[in-house]
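Numbering-wise, the sequence shown is residues 1 to 324 according to my numbering. For reference, the structure discussed in these notes is given below.
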Amino acid sequence: MVSACAVVRGFDDASAHQEAADACMFHFERKHVYSVKNNPMCGISFGQWWHLVRTQWRHFDWCYVPRVLFLTVLSLFNSLLGVVESILYPDAVIHRVELPTDPVFIIGHPRTGTTLLHNLLASDAANFYTCTTFCTGFPSCFLWFEAWGKRLFAGTIDPTRPMDSMPLHFDLPQEDECATMLLSRGASYYMPIYLMTREPAFRRFLDFSAADGGTADDEAQWTSAFVYLLKKLTFRHQIQAKGSSLRQRLVLKSPIHAARVPLLRKLFPNARFIYIHRDPVETMASAAHLANTAFWFMYLSTPTDDQVRDIPQRSLEHSVRNLE
1 MVSACAVVRG FDDASAHQEA ADACMFHFER KHVYSVKNNP MCGISFGQWW HLVRTQWRHF
61 DWCYVPRVLF LTVLSLFNSL LGVVESILYP DAVIHRVELP TDPVFIIGHP RTGTTLLHNL
121 LASDAANFYT CTTFCTGFPS CFLWFEAWGK RLFAGTIDPT RPMDSMPLHF DLPQEDECAT
181 MLLSRGASYY MPIYLMTREP AFRRFLDFSA ADGGTADDEA QWTSAFVYLL KKLTFRHQIQ
241 AKGSSLRQRL VLKSPIHAAR VPLLRKLFPN ARFIYIHRDP VETMASAAHL ANTAFWFMYL
301 STPTDDQVRD IPQRSLEHSV RNLE
């Protein structure tokens with residue numbers, strides 16, 4: 001079932017003046033080239049990172065070598081953490097966890113207010129549990145390392161989001177697609193955020209349609225990682241809620257899920273979808289502001305203005321098509 005939400009205004013006011021400029025020019029100013037903060041790849045394991053480097057290194061820009069080296073060192077450490085987790089919680093244990101049958105998916109184009117609603121629902125801990133920022137960033141080790149990791153890696157994120165000054169810390173809910181991207185070794189349409197110059201190579205992961213080159217293997221690769229993540233999140237919740245009589249539902253938010261509603265309904269027939277709409281002109285302007293403030297922390301290659309502009313437009317078109 002898909003529920004419609006009214007347009008929420010006011011959450012984006014802090015950046016409204018910049019959005020107006022972005023809407024007129026769509027020129028993206030290069031910045032944060034040497035920064036290693038605010039990067040969702042900080043929790044990548046060495047195997048996942050090596051697969052990306054091996055297949056895409058020719059497309060890395062030299063200016064991002066410090067970022068590449070930082071992620072390489074972190075990936076080695078993350079792999080050690082992952083080995084410990086695999087000993088404490090073997091895959092056989094995770095695979096026996098029953099998936100939730102009725103998760104709630106918050107969908108809508110980026111910059112429509114999905115984060116605001118996600119934070120609101122997640123604050124109702126009596127009825128919902130979610131994927132936190134730490135779980136998203138460190139999907140290979142959060143079952144045992146979360147308490148220590150939140151202190152150890154506190155310096156890798158700013159206290160507020162760069163695009164809208166909303167609070168940012170490891171206990172807040174976060175987009176599950178970032179974790180799925182890591183676990184699937186890049187089988188995600190979030191990969192163009194890092195390698196926007198290679199966007200066509202990742203287009204098939206948007207909704208796995210044959211028209212974009214998607215195959216059954218692509219869908220299976222993403223689905224396997226996504227289901228594994230949800231089982232880990234459910235297992236984490238079972239540990240934390242042990243002895244509780246409350247029945248809590250998993251609530252997930254990734255705007256890209258709007259392009260995958262048919263697949264998600266097949267996986268979860270009893271799922272509930274909350275779709276948020278915002279005026280498309282305002283949304284595209286805000287998406288431009290997002291790219292000009294947040295994406296520079298993640299790039300491994302420098303895109304052109306046209307490449308940055310095309311991605312939110314294509315995402316919106318696919319979302320509308322799959323919601324019809």
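Note that CB positions come from ideal geometry on N, CA and C, so glycine has one too.
- For P167, the three-state secondary structure derived from DSSP is strand.
- DSSP places V251 inside the beta strand (DSSP E), whose first and last residues are 249–253.
- As DSSP reads the structure, T132 sits in a beta bridge with P173.
- Fewer than three pairs of CB atoms, one per stretch, sit closer than 8 Å, so the segment 155–169 makes no contact with the segment 178–185.
- Counting along the chain, the unbroken alpha helix (DSSP H) around Y228 starts and ends at 216–240.
- No Cβ-Cβ contact shorter than 8 Å links Y129 with L183.
- Only residues of its own chain outside the window of five on either side were considered, and among them E177, M181 have a CB closer than 6 Å to the CB of Y190, listed in chain order.
- Distance from S315 to A259 at the Cβ level is roughly 7 Å; contact confirmed, criterion being Cβ atoms closer than 8 Å.
- The C-alpha of A211 lies about 13 Å from the C-alpha of F202.
- Rounded to the nearest angstrom, the Cβ distance from N78 to S165 is 29 Å, too far for a contact under 8 Å.
- Contact annotation: the segment 44–53 does not touch the segment 107–127, with fewer than three C-beta pairs closer than 8 Å.
- In this structure, D218 sits away from F226, with a CB-CB distance that is not shorter than 8 Å.
- The beta carbons of H257 and I107 sit about 5 Å from each other, so the pair counts as a contact at 8 Å.
- Here P173 is buried: its Cβ has 16 or more other Cβ atoms, across all protein chains shown, within 10 Å.
- Spanning the alpha carbons of E146 and H59 requires a straight line of approximately 33 Å.
- Only residues of its own chain outside the window of five on either side were considered, and among them I193 have a CB closer than 7 Å to the CB of F295, listed in chain order.
- Taking each of P100, L195, F235, S224 in turn and checking the Cα distance to P303, the smallest one comes out for L195.
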